[in-house]
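Please read the structure below before turning to the comments.
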Amino acid sequence: MILAIWHAVGARSWPRWMPYRAAGGSEGEQLWTKPLSFIGWSRHVKQPRRLSCGGGEQTTLCVASDHLRDQRPGVTPRWDDGLNRWERGVAVTTAVRDDSALEVRIAPTSTRLDLKTYTQILNEVRMSLEEVDRTALPVRTPRLRWAIEEMAMESDIRIVLVPAVIPTKRTWQSIAAPLHGYVDGIESLTDSPRIPPFFSERTVARVSHIGKHFGSGGVEQVAVTSLNGDRHTAVVDEGTVSNATQAVLPAKSAFSSVTGTLDVLSHSKGSSPRALIRDPRTRHAVRVVAHSEHSEILRNAWGRRVMASGILQRNSEGQAVSLQMSDLEVLPDYQSQMDPADILGINPRMTGDLSTAEYLKQVRSA
Numbered sequence: 002m003i004l005a006i007w008h009a010v011g012a013r014s015w016p017r018w019m020p021y022r023a024a025g026g027s028e029g030e031q032l033w034t035k036p037l038s039f040i041g042w043s044r045h046v047k048q049p050r051r052l053s054c055g056g057g058e059q060t061t062l063c064v065a066s067d068h069l070r071d072q073r074p075g076v077t078p079r080w081d082d083g084l085n086r087w088e089r090g091v092a093v094t095t096a097v098r099d100d101s102a103l104e105v106r107i108a109p110t111s112t113r114l115d116l117k118t119y120t121q122i123l124n125e126v127r128m129s130l131e132e133v134d135r136t137a138l139p140v141r142t143p144r145l146r147w148a149i150e151e152m153a154m155e156s157d158i159r160i161v162l163v164p165a166v167i168p169t170k171r172t173w174q175s176i177a178a179p180l181h182g183y184v185d186g187i188e189s190l191t192d193s194p195r196i197p198p199f200f201s202e203r204t205v206a207r208v209s210h211i212g213k214h215f216g217s218g219g220v221e222q223v224a225v226t227s228l229n230g231d232r233h234t235a236v237v238d239e240g241t242v243s244n245a246t247q248a249v250l251p252a253k254s255a256f257s258s259v260t261g262t263l264d265v266l267s268h269s270k271g272s273s274p275r276a277l278i279r280d281p282r283t284r285h286a287v288r289v290v291a292h293s294e295h296s297e298i299l300r301n302a303w304g305r306r307v308m309a310s311g312i313l314q315r316n317s318e319g320q321a322v323s324l325q326m327s328d329l330e331v332l333p334d335y336q337s338q339m340d341p342a343d344i345l346g347i348n349p350r351m352t353g354d355l356s357t358a359e360y361l362k363q364v365r366s367a
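Count the sequence shown with this note's numbering and you get residues 2 to 367, in order.
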């Protein structure tokens with residue numbers, strides 16, 4: 002028996018597939034987790050069960066089973082590892098896996114939470130995910146848009162965010178990067194006033210913005226959980242907010258330079274051009290403020306390795322926070338370091354008559 006639930010505008014109108022979820026299934030029963038991304042395929046189970054899925058105004062197909070079967074004879078499905086989807090040569094998009102999600106829990110101090118507070122907190126989380134995604138992955142990586150999959154209100158307010166659409170060039174591992182990066186960053190700020198990996202000054206400041214709603218704002222704390230793989234939770238509380246504020250507070254400044262990949266250019270009329278430089282050593286992004294005359298060189302250097310010089314501000318931990326740029330140099334493309342195996346045996350007589358162990362012992366005792 003083929004299980005499929007069709008709803009909305011009808012069988013001839015085919016928008017993208019939506020995520021699915023089983024309702025009322027027996028314990029231990031599993032859904033097929035690879036994305037359904039073509040027209041006309043379904044799956045079946047030995048024991049039928051109800052399926053429910055959300056599609057709003059768009060046509061949605063919900064399916065579950067252990068085996069794949071074509072609704073039309075003579076056609077064989079093919080899993081494309083490069084595209085990460087089943088392929089059949091028709092209009093395709095990629096559905097969202099159930100575990101590619103971030104759970105946000107807002108603990109209010111009363112039974113009612115101000116609507117503006119609710120939307121502002123969600124917006125800070127969304128923009129943080131986008132910023133971590135940009136810092137963690139290469140410049141030309143297709144970016145994710147986030148959507149609300151679930152909402153519930155009991156003792157706290159629970160929201161589950163998922164990618165609205167996953168670009169075909171994104172792997173599941175790359176989707177996990179902003180999820181884990183954001184949760185790990187919050188956890189890091191709970192422990193110390195340091196800018197976490199994949200965070201920029203702006204991303205850290207968003208944690209402080211969430212903290213503005215604590216106390217009189219009607220919020221006690223906000224917890225975020227990555228549902229991609231192992232459940233990992235971090236909590237934004239008063240201590241986290243205090244560390245976030247200190248992490249981006251300039252403690253000293255001096256003429257210095259920052260080397261990394263130039264990204265996220267911004268230049269609105271009447272303001273100075275701004276950019277981010279992703280430092281591969283620290284894995285966080287440094288905010289760069291330039292002069293108007295640097296606009297052209299910044300545009301030409303986008304996505305390239307650069308060295309920006311100027312007045313560099315550091316926090317109390319010595320981390321680079323922001324740079325008032327005075328000069329920019331485009332560097333040659335990064336060349337990977339030589340594999341040690343390439344120089345193995347290049348000078349077999351280097352140790353003379355000594356064995357390797359004897360030679361090292363002699364060097365260390367010198």
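For each residue, glycine too, the CB sits at the ideal point set by N, CA and C.
Checklist entry - If you drop the 5 nearest sequence neighbours on each side, which residues of the same chain put their C-beta closer than 6 Å to that of residue 1? => result Outside the displayed span of the chain (2 to 367) sits residue 1, for which this structure offers no information.
| message | Using 7 Å as the threshold, is the C-beta distance between residue 182 and residue 137 below it? | response | Here residue 182 corresponds to residue number 181 of the sequence shown, with the count starting at 1. Here residue 137 corresponds to residue number 136 of the sequence shown, with the count starting at 1. A contact, by the Cβ cut-off of 7 Å.
Practice problem: Return the first residue and the last residue of the beta strand (DSSP E) that residue 122 is part of. | Solution: As a position in the sequence shown, residue 122 is number 121, starting the count at 1. Per DSSP, residue 122 belongs to no beta strand (DSSP E); it is in the alpha helix (DSSP H), 116-137.
**Q.** Given residue 224 as reference, the closest of 348, 332, 364, 108 once Cα atoms are compared
**A.** Along the sequence shown, one-based indexing puts residue 224 at 223. It is 108 whose Cα lies nearest to the Cα of residue 224.
**Request:** Indicate the three-state DSSP secondary structure (helix, strand or coil) for residue 353 in the structure shown.
**Result:** Looking up residue 353 in the sequence shown gives position 352. Residue 353 falls in the coil class under three-state DSSP.
Checklist line | Extent of the continuous beta strand (DSSP E) run through residue 113 | finding: Sequence index remark: in the sequence shown, residue 113 carries index 112 (1-based). Element bounds for residue 113: n/a, residue is neither H nor E.
For this session: Answer yes or no: do residue 299 and residue 277 have a C-beta to C-beta separation smaller than 7 Å?
Result: Numbered from its first residue, the sequence shown carries residue 299 at position 298. Numbered from its first residue, the sequence shown carries residue 277 at position 276. No, these two residues do not count as a Cβ contact at 7 Å.
Counting pairs of beta carbons, one from the stretch 197-211 and one from the stretch 130-147, are three or more of them closer than 8 Å? yes
*residue 173 - containing alpha helix (DSSP H), residue span*: In the sequence shown, residue 173 corresponds to position 172, counting from 1. That run of the alpha helix (DSSP H) goes 173-192.
Worksheet item: Mind checking residue 295: buried by the 16 CB within 10 Å criterion, or exposed?
Response: One-based indexing of the sequence shown puts residue 295 at position 294. Residue 295 is buried by the Cβ-count criterion.
Please confirm whether residue 320 and residue 311 have their CB atoms less than 7 Å apart.
Your numbering for residue 320 matches position 319 in the sequence shown. Your numbering for residue 311 matches position 310 in the sequence shown. In this structure, residue 311 does not lie closer than 7 Å to residue 320 by Cβ.
Point to revise | Endpoints, the alpha helix (DSSP H) within which residue 296 is located | key: As a first step, residue 296 is located in the sequence shown; it is residue number 295 there, counting from the start. Looking at the DSSP string, the run of the alpha helix (DSSP H) that includes residue 296 is 296-302.
*Just tell me which of 172, 260, 154, 170 has its CA closest to the CA of residue 302.*
Within the sequence shown, the letter at position 301 stands for residue 302. The residue with the shortest Cα to Cα distance from residue 302 is 260.
Under 7 Å between C-beta atoms of residue 150 and residue 161 = Position 149 of the sequence shown, counted from the first residue, corresponds to residue 150. Position 160 of the sequence shown, counted from the first residue, corresponds to residue 161. Result yes, Cβ atoms of residue 150 and residue 161 sit closer than 7 Å.
_Threshold first: 3 residues or longer. Then list the beta strand (DSSP E) segments lying entirely within the stretch 200-256, N to C._
220-227, 233-237
**OP:** Can you say whether residue 117 is buried or exposed, counting buried as having 16 or more other CB atoms within 10 angstroms of its CB?
**Re:** To locate residue 117, count along the sequence shown from 1; it is residue 116. When all chains shown are included, residue 117 counts as exposed.
Beta-carbon contacts of residue 217 that lie in its chain and below 8 Å, excluding the five residues immediately before and after
If you number the sequence shown from 1, residue 217 lands on position 216. Around residue 217: no qualifying Cβ.
Residue 323 versus residue 313 - alpha carbon distance:
Counting from 1 along the sequence shown, the entry for residue 323 is found at position 322. Counting from 1 along the sequence shown, the entry for residue 313 is found at position 312. Computed Cα separation, rounded: 6 Å.
Those residues which DSSP pairs with residue 260 across a bridge: Locating residue 260 in the sequence shown gives position 259, counting from the first residue. According to DSSP, which records beta bridges pairwise, residue 260 is partnered with 308.
Is it a yes or a no for the stretch 283-291 touching the stretch 241-248, going by three-plus beta-carbon pairs under 8 Å? no
Which same chain residues end up closer than 6 Å to residue 152 when comparing Cβ atoms and leaving out the 5 residues on each side of it in sequence?
One-based indexing of the sequence shown puts residue 152 at position 151. 160, listed in sequence order.
Under the three-state DSSP convention, the category residue 327 falls into = If you number the sequence shown from 1, residue 327 lands on position 326. Correct three-state label for residue 327: strand.
**Prompt:** Alpha carbon to alpha carbon, how far is residue 281 from residue 211?
**Reply:** Taking the sequence shown and counting its residues from 1, one reaches residue 281 at position 280. Taking the sequence shown and counting its residues from 1, one reaches residue 211 at position 210. Straight-line Cα distance between these residues: approximately 28 Å.
Check your understanding: In its own chain, which residues sit with a C-beta less than 7 Å from the C-beta of residue 292, not counting the 5 before and 5 after it?
Key -> Locating residue 292 in the sequence shown gives position 291, where the first residue counts as 1. Only 273 meet the Cβ criterion.
Between the Cα of residue 283 and the Cα atoms of 318, 250, 130, which residue gives the shortest distance?
Numbered from its first residue, the sequence shown carries residue 283 at position 282. Nearest of 318, 250, 130 to residue 283, Cα basis: 318.
> Where does residue 140 sit, in a helix, a strand or coil, going by DSSP?
Replying inline: For the purposes of this step, residue 140 is taken as residue 139 along the sequence shown, with counting starting at 1. Reduced to three states, the DSSP call for residue 140 is coil.
Q. Using a Cβ-Cβ cut-off of 6 Å (strictly less than) and excluding sequence neighbours within five positions of residue 204, which residues of its own chain qualify?
A. Working through the sequence shown from its first residue, we reach residue 204 at position 203. Within the same chain, residue 204 has close Cβ partners 129, 132.
Excluding the 5 residues flanking residue 119 on each side, which residues of the same chain have their C-beta closer than 8 Å to its C-beta?
By 1-based counting over the sequence shown, the position of residue 119 is 118. 107, 158, listed in sequence order.
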